[in-house]
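Note that the sequence shown covers residues 26 to 508 in the numbering used here. Glycine is no exception: its CB is placed at the ideal position from the N, C-alpha and C atoms. Only a predicted model underlies this, so the values are computations on that prediction, with no experimental measurement involved.
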Amino acid sequence: MVDKNRLLRQLPAINIILQTAEIQALIREYGHPLVSEAAGEVVQQLREKILKAAEEDYRGLDQEITLKNIIAMLMQRVYEKVQPRLRRVINATGIVLHTNLGRAILGQKVTEALTEVASGYSNLELDLSTGERGSRYAHVEGLICRLTGAEAALVVNNNAAAVLLVLNTLAKDKEVVVSRGQLVEIGGSFRIPDVMRQSGAILVEVGTTNKTHLADYLRAITENTALLLKVHTSNYRIIGFTSEVSVSELAQIGHAKGIPVYEDLGSGVLVDFRNYGLTYEPTVQDSIRAGVDLVSFSGDKLFGGPQAGIIAGRRELIEQCKKNPLTRALRVDKLTFAALEATLRIYFDENRALMEIPTLQMLTIPYGDLLKRVKRNARNLSKALGGNAKVEVIQGFSQVGGGALPEENIPSPLVAVKPVYVSVNWLEEHLRGAGTPILARIQKDQLLLDYRTILPDEENEVISVISELLANSSRLVEQEVSF
Ligand SMILES: *Cc1c(COP(=O)(O)O)cnc(C)c1O
26 MVDKNRLLRQ LPAINIILQT AEIQALIREY GHPLVSEAAG EVVQQLREKI
76 LKAAEEDYRG LDQEITLKNI IAMLMQRVYE KVQPRLRRVI NATGIVLHTN
126 LGRAILGQKV TEALTEVASG YSNLELDLST GERGSRYAHV EGLICRLTGA
176 EAALVVNNNA AAVLLVLNTL AKDKEVVVSR GQLVEIGGSF RIPDVMRQSG
226 AILVEVGTTN KTHLADYLRA ITENTALLLK VHTSNYRIIG FTSEVSVSEL
276 AQIGHAKGIP VYEDLGSGVL VDFRNYGLTY EPTVQDSIRA GVDLVSFSGD
326 KLFGGPQAGI IAGRRELIEQ CKKNPLTRAL RVDKLTFAAL EATLRIYFDE
376 NRALMEIPTL QMLTIPYGDL LKRVKRNARN LSKALGGNAK VEVIQGFSQV
426 GGGALPEENI PSPLVAVKPV YVSVNWLEEH LRGAGTPILA RIQKDQLLLD
476 YRTILPDEEN EVISVISELL ANSSRLVEQE VSF
């Protein structure tokens with residue numbers, strides 16, 4: 026007869042579990058405190074299960090509570106405890122700058138530079154030629170200026186910080202003129218009017234949602250105007266009956282009236298996308314050439330580098346920003362500088378940039394090259410999946426993401442997987458829960474894999490994870506049928 030008390034007595038003592046050879050090996054790897062804590066949790070979990078169990082479950086529990094099973098449960102639990110929470114995932118969504126998946130990824134040269142600086146001492150704030158204290162900004166300032174045509178530059182934590190710093194430095198308690206069509210909200214609750222208030226600047230809205238004219242700006246300028254701000258409406262478009270004042274026109278008014286003009290470019294591209302079949306995005310160089318006094322952009326959007334906010338423009342204004350105490354609070358660390366410098370250096374050769382900066386490489390890969398990869402993977406996946414799923418190549422779209430080029434749907438061939446034994450939602454959920462999580466889109470009853478954002482050395486992993494999951498899925502269904 027199996028009863029509750031017998032089941033409870035059957036639970037091994039924790040020190041017995043900890044003394045087994047398997048668990049001793051686990052202790053050597055992860056330490057006694059972590060493993061014994063996990064052992065306590067596993068035994069407690071089983072105890073609760075026994076106490077809650079109904080009589081008809083006793084026999085099942087009797088078979089479950091063996092030392093062998095408990096060791097397996099404990100190993101699983103320890104594995105879950107040591108698994109980092111922040112980890113690599115495979116992006117099969119085709120959204121190149123996916124904010125939830127960490128935006129831009131860094132190429133090999135850049136990660137090498139980063140590791141080198143991270144694992145040793147560096148001349149972060151030392152001028153090696155004089156032996157005196159140097160500026161951390163010196164490592165990138167010259168490079169930013171040469172690439173963009175600006176006189177001076179500064180780097181802060183992200184572009185939101187850049188906007189806050191510029192407004193606080195140049196326009197605290199003064200008026201900043203902005204078109205109503207540019208009072209945008211960027212993801213993560215960054216709203217221009219809110220940042221403006223936080224910076225201490227006074228927002229002066231001009232024009233209407235769809236149309237703002239030169240005369241609107243001219244009428245709004247007073248002796249209290251400190252700045253004319255143009256915001257790139259990164260993540261949305263006003264279409265139809267619209268007009269905005271161009272940066273060069275705005276720069277002309279600013280110069281005539283002696284008021285600095287600042288453009289928040291958002292994404293900040295350095296290459297002309299029209300040369301690669303994409304929609305024109307104003308480049309940082311274009312903005313400087315048009316005569317703006319300051320421009321700022323993100324490091325980890327279309328620029329394709331680490332998270333940062335890059336401010337470039339007239340020396341005198343950059344110097345004012347550098348002296349603002351906020352700059353110290355918004356400053357970036359040596360890892361960012363290492364990655365940023367390496368990224369900037371790649372840009373000196375545009376062809377290299379297209380190959381070595383993953384964001385640009387993914388956005389500009391020729392359709393034919395992508396199709397070859399997609400067909401090869403569809404074949405291999407189909408072979409590995411056997412009868413567990415139907416695999417085909419379909420026509421679809423990738424997206425830029427990261428609040429950039431919102432209308433740009435880049436035509437892409439996709440691998441579509443339709444599982445035979447389980448629902449597509451089951452597959453999507455289990456891919457997300459895999460050892461290396463795979464994030465994919467669902468369209469109707471198919472799972473879509475976009476190889477634009479799957480890295481070449483992730484291809485085999487994708488195939489093995491999906492085929493293992495679906496091989497188990499057919500067994501799952503067989504079991505259910507036999508019940
Ligand atoms: C993305 C964006 C920001 C914020 O930049 P982060 O680097 O994400 O802080 C600010 N302004 C515009 C126009 C943007 O597109």
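Non-local C-beta neighbours of residue 126 in its own chain, meaning closer than 7 Å and more than five positions away in sequence, comprise 114, 116, 464, ordered along the chain. DSSP, read as helix, strand or coil, puts residue 312 in helix. Comparing alpha carbon positions, the residue from 60, 205, 85, 358 closest to residue 71 is 85. By the C-beta density criterion, residue 455 is buried, having at least 16 other C-beta atoms within 10 angstroms. Approximately 25 Å separates the beta-carbon atoms of residue 495 and residue 395; this is outside 8 Å, ruling out the contact.
Taking 3 residues as the minimum length, the beta strand (DSSP E) runs contained wholly in the stretch 82-125 are 120-122, in order along the chain. Taken through DSSP and simplified to helix, strand or coil, residue 298 comes out as helix. Across the set 371, 250, 299, 295, the C-alpha of 250 shows the shortest separation from the C-alpha of residue 286. Short of 6 Å from the beta carbon of residue 196, and not among the five residues preceding or following it, lie these beta carbons of its own chain, in chain order: 226, 251, 252. For residue 52, the secondary structure class from DSSP, reduced to helix, strand or coil, is helix. Using a Cβ distance threshold of 8 Å, residue 338 and residue 320 count as a contacting pair.
In this structure, residue 363 sits near residue 138, with a CB-CB distance shorter than 8 Å. For residue 407, the enclosing alpha helix (DSSP H) has its first and last residue at 392-410. Just measuring C-alpha positions, the residue of 61, 209, 386 sitting nearest residue 133 is 386. For residue 434, the beta-bridge partners assigned by DSSP are 424. For residue 479, the closest of 383, 449, 451, 498 by C-alpha to C-alpha distance is 383.
Residue 372 is classed as buried because its beta carbon has at least 16 other beta carbons within 10 Å across all chains shown.
One alpha carbon belongs to residue 54, the other to residue 65, and they sit about 18 Å apart. At a Cβ-Cβ threshold of 8 Å, residue 370 and residue 174 do not count as neighbours.
Residue 219 sits in a helix when the DSSP states are folded into three classes.
When secondary structure is reduced to three states using DSSP, residue 72 falls in the helix class. Taking residue 201 as the centre and dropping the five residues before and after it, the same chain places the C-beta of 192, 221, 226, 227, 228, 229, 250, 251, 252, 253, 254 closer than 8 Å to its C-beta, in chain order.
For a cut-off of 8 Å, the C-beta gap from residue 442 to residue 390 is around 22 Å, too long to register as a contact. Shown here, residue 289 sits in a strand according to DSSP, grouped into three states. Per the DSSP secondary-structure output, residue 255 pairs in a beta bridge with 288. Counting only runs of 4+ residues, the alpha helix (DSSP H) found wholly inside the stretch 161-210 occupies 163-173, 184-196, in chain order. Residue 321 sits in a strand when the DSSP states are folded into three classes. Following the DSSP letters along the chain, one finds residue 130 in no alpha helix (DSSP H), marked with neither H nor E. Less than 8 Å separates the beta-carbon of residue 474 from that of residue 440.
The beta-carbon distance between residue 446 and residue 498, rounded to whole angstroms, is 5 Å. This is short enough to meet the 8 Å contact definition. Not one heavy atom of ligand 1 is found less than 7 Å from the C-beta of residue 298.
With a cutoff of 8 Å on beta-carbon distance, residue 212 and residue 423 are scored as not near each other. In this model, residue 121 and residue 343 are separated by some 32 Å (Cα to Cα). Look at residue 358: its beta carbon is at least 7 Å from all of the heavy atoms in ligand 1. Listed in chain order, the non-local C-beta contacts of residue 340 below 8 Å within the same chain comprise 176, 177, local neighbours out to five positions each way being set aside. Cβ neighbours of residue 209 within its own chain (closer than 8 Å, five residues either side excluded): 216, 217, 256, 258, 259, 260, 261.
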